Amino acid sequence: MLHLRTIASREIKLGFRNPWAYSFMALFALFSLALLLIQSQAGLSGYTSTTGTMINLILYLLPLMTLLLGSFSLTTEKEEGGWRLLSSFSLRTRSYIWGKYAGLAVVLIVIVAFGFGLSGISGTLFGRGFSLQAFGLFLLFSLLIIVQFLGISVLLGALCRNRWQALTYGVGIWFFLILGWPTILIAVLGFLPYLFIKPTLIALIFMNPAELNRLFLIVKMGGGSILGPEYYQWVKWIQQPMGSLLFAGVLIAWIIIYVEAAAGLWERGRRRG
Amino acid sequence: MAKELLRIEKVSKSIGKSTLLHPCSLSVREGEIVALCGGNGAGKSTLINMIAGISRPTSGAILLDGLAWSDDRVAYADRVGYMPDEFQFGSALTAYETLHFYASLRRVGSDRVLELLETVGLLEVRSRKVSTFSKGMRQRLLFAQAMLAEPPLLLLDEPTNGLDPYWMEAFGRLIRSAAGNGQAVVFSTHQLNIAESYADSALFMVAGHVQYSGEVETLKEQYRGAGGLYGAFDRIVASVAPMEREGE
């Protein structure tokens, strides 16, 4: 536990001294502020096109930022010899990987919360912002995206040899899960007999953290009807009290699977030397 | 007679079809200073990495205080202080923060961090970012890192690279003092004068082969008229088949 804490606290220090972190924060605050202003001018509440755009903004920016920052943190250590030195210490691989995960999670959560805080304060001071519930759901949605994609990024960092490789695969994963997903989904489901579509679609939703989080937020904000009546029927379990628990369980399970897989891969490399 | 601390038995390392280190054996006693001498590609770092537990031997065994790395990794690692050859410090941390981080992993307190910073002449610049340090200053910080927990075995890969004459001599004094306290020191170098001045034993390595292993005093005596350790190295390397030398 001491080792995990030490690794995490160094990661937090490094994270907050990384100029990248502040660039992302500025970008995020700027866009959320712009959307907030549009929302206040329109005078709308609940699930609107602005909230939809806000969800898309979060989905475009946060997973990419998390994938790159997370995987770079691990590949940099491989490239610069940091891990070679650490592997001569009595440091357990799991403590190292989970420490990295915890430290990066703190950095990213603080950055995003700060960005939201800035736009929230501005909204309160200068006009009508998002409702408190919408604001809270956006923040929760963003934090969940971060912790989920951070798990993937740690696994990516364990798989890649250097930053270039991590960048290439990171952008690829982002494109596949965020931009390409609907097209791939429609293409794959079109080949299936009708009876198989529903179970396949539900299973695929659980495979993509971005999609699972997006659906959860839309349904919780009362915008489920935009999904269409049939699709909404399939995902309205989210609305029920057990839905939130199931959602949380799936997220935690995925994080553990990603990070433990990363630790397993890293340990295999260490044993083989 | 001091107790044997490190035993290396017919250890070799191959990656694919290329052999980085041919089977070699070595025994290091407590308080002994051993220099691994040779040019680039001689196999010095390969051997040090295997002793440090960073890479695994293809064949043979390494026992530190009777322990193999695979038996008890934690106990093994606690007995080694390792200074790498190639290491790039991140740009964000200061000298104190860097050393304190490694000290925390070794469960060593802040007092020892400050003491070592003073020993290696970096106390005054402890608040400066390591990225602004010269090569010599970074080497001294890495050396301090290896000495943090006063481990029974110090493994130093090219520790004098980039050091000015003052710190080269100070390095010699420090490893002599560590050996005086019973710590064994194994270091690699291509500067034979360092090995001649401070090591008790030397290994001459050429293209992954150990060509000579023995006491420095014996070598100096044997090659007195031929330039001491330099002469000895030249003659031993000259006796190696040209094909093997090309592998360097």
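Protein chains in written order, with the working numbering: chain A, 16 to 288; chain B, 104 to 351.
Heads up, the beta-carbon is just placed ideally off N, CA and C, and yes, glycines get one too.
All values reported here derive from a predicted model rather than from experimental measurement.
Reduced DSSP secondary structure (H/G/I, E/B, other) of residue i
{"i": "residue 351/B", "result": "Low local confidence applies: a pLDDT of 45 at residue 351/B is under 50, so the model's placement there is unreliable, with the coordinate-based value given in what follows. Coil, per DSSP."}
{"i": "residue 188/A", "result": "helix"}
{"i": "residue 128/B", "result": "strand"}
{"i": "residue 317/B", "result": "strand"}
{"i": "residue 312/B", "result": "strand"}
{"i": "residue 110/B", "result": "strand"}
{"i": "residue 226/B", "result": "coil"}
{"i": "residue 21/A", "result": "helix"}
{"i": "residue 162/B", "result": "strand"}
{"i": "residue 288/B", "result": "strand"}
{"i": "residue 260/B", "result": "strand"}
{"i": "residue 236/A", "result": "coil"}
{"i": "residue 195/B", "result": "coil"}
{"i": "residue 249/B", "result": "helix"}
Cβ pair residue i, residue j closer than 8 Å
{"i": "residue 285/A", "j": "residue 108/A", "result": "yes"}
{"i": "residue 299/B", "j": "residue 332/B", "result": "yes"}
{"i": "residue 220/A", "j": "residue 234/A", "result": "no"}
{"i": "residue 183/B", "j": "residue 102/A", "result": "no"}
{"i": "residue 225/A", "j": "residue 193/A", "result": "yes"}
{"i": "residue 274/B", "j": "residue 234/B", "result": "no"}
{"i": "residue 281/A", "j": "residue 181/A", "result": "no"}
{"i": "residue 230/B", "j": "residue 197/B", "result": "yes"}
{"i": "residue 185/A", "j": "residue 82/A", "result": "yes"}
{"i": "residue 76/B", "j": "residue 202/B", "result": "Because residue 76/B is not part of the residues shown, which for chain B are 104 to 351, the question remains open."}
{"i": "residue 100/A", "j": "residue 76/A", "result": "no"}
{"i": "residue 25/A", "j": "residue 118/A", "result": "yes"}
{"i": "residue 117/B", "j": "residue 108/B", "result": "no"}
{"i": "residue 127/A", "j": "residue 157/A", "result": "yes"}
Same chain only: Cβ atoms within 7 Å of residue i, ignoring 5 sequence neighbours per side
{"i": "residue 136/B", "result": "278, 282, 288, 301, 302, 303"}
{"i": "residue 291/B", "result": "139, 147, 148, 151, 260, 261"}
{"i": "residue 179/B", "result": "156, 167, 170, 172"}
{"i": "residue 295/B", "result": "140, 332, 333, 336"}
{"i": "residue 249/B", "result": "184, 185, 186, 257, 259"}
Interface residues of chain A facing residue i [CB-CB closer than 7 Å]
{"i": "residue 189/B", "result": "96"}
{"i": "residue 207/B", "result": "21"}
{"i": "residue 159/B", "result": "287, 288"}
{"i": "residue 181/B", "result": "105"}
{"i": "residue 177/B", "result": "105"}
Residue environment, residue i, which counts as buried when at least 16 other CB atoms sit within 10 Å
{"i": "residue 260/B", "result": "buried"}
{"i": "residue 34/A", "result": "exposed"}
{"i": "residue 157/B", "result": "buried"}
{"i": "residue 169/A", "result": "buried"}
{"i": "residue 179/A", "result": "exposed"}
{"i": "residue 209/A", "result": "exposed"}
{"i": "residue 211/A", "result": "exposed"}
{"i": "residue 289/A", "result": "A query on residue 289/A cannot be resolved here, the shown segment of chain A reaching from 16 to 288 and no further."}
{"i": "residue 80/A", "result": "buried"}
{"i": "residue 114/A", "result": "buried"}
{"i": "residue 206/A", "result": "exposed"}
{"i": "residue 66/A", "result": "buried"}
{"i": "residue 86/A", "result": "buried"}
{"i": "residue 160/B", "result": "buried"}
Within chain A, the residues that residue i reaches when beta carbons sit closer than 9 Å
{"i": "residue 196/B", "result": "25, 28, 29, 32"}
{"i": "residue 199/B", "result": "Neighbours of residue 199/B on chain A: none; closest Cβ ~12 Å, over 9 Å."}
{"i": "residue 399/B", "result": "Outside the displayed span of chain B (104 to 351) sits residue 399/B, for which this structure offers no information."}
Residues that residue i contacts on chain A, provided the C-beta gap is smaller than 8 Å
{"i": "residue 51/B", "result": "Outside the shown range of chain B (104 to 351) lies residue 51/B, about which nothing can therefore be said."}
{"i": "residue 204/B", "result": "21, 25"}
{"i": "residue 156/B", "result": "102, 103"}
{"i": "residue 185/B", "result": "100, 103"}
Cut-off 6 Å between Cβ atoms - residues of its own chain near residue i, not counting five sequence neighbours on either side
{"i": "residue 350/B", "result": "At residue 350/B, the pLDDT of 48 sits below 50, so the modelled position is not reliable; the number obtained from the coordinates is stated separately. Here the set comprises 310."}
{"i": "residue 271/B", "result": "263"}
{"i": "residue 94/A", "result": "177"}
{"i": "residue 305/B", "result": "138, 140, 298, 319"}
{"i": "residue 121/A", "result": "27"}
{"i": "residue 111/A", "result": "22"}
{"i": "residue 224/B", "result": "none"}
Beta-carbon contacts of residue i that lie in its chain and below 8 Å, excluding the five residues immediately before and after
{"i": "residue 342/B", "result": "314"}
{"i": "residue 91/A", "result": "97, 178"}
{"i": "residue 265/A", "result": "221, 227"}
{"i": "residue 262/A", "result": "227, 231, 253"}
{"i": "residue 189/A", "result": "78, 79, 82"}
Under 7 Å from the C-beta of residue i: neighbouring residues of chain B
{"i": "residue 106/A", "result": "208"}
{"i": "residue 38/A", "result": "In chain order: nothing, as chain B lies at least about 15 Å away."}
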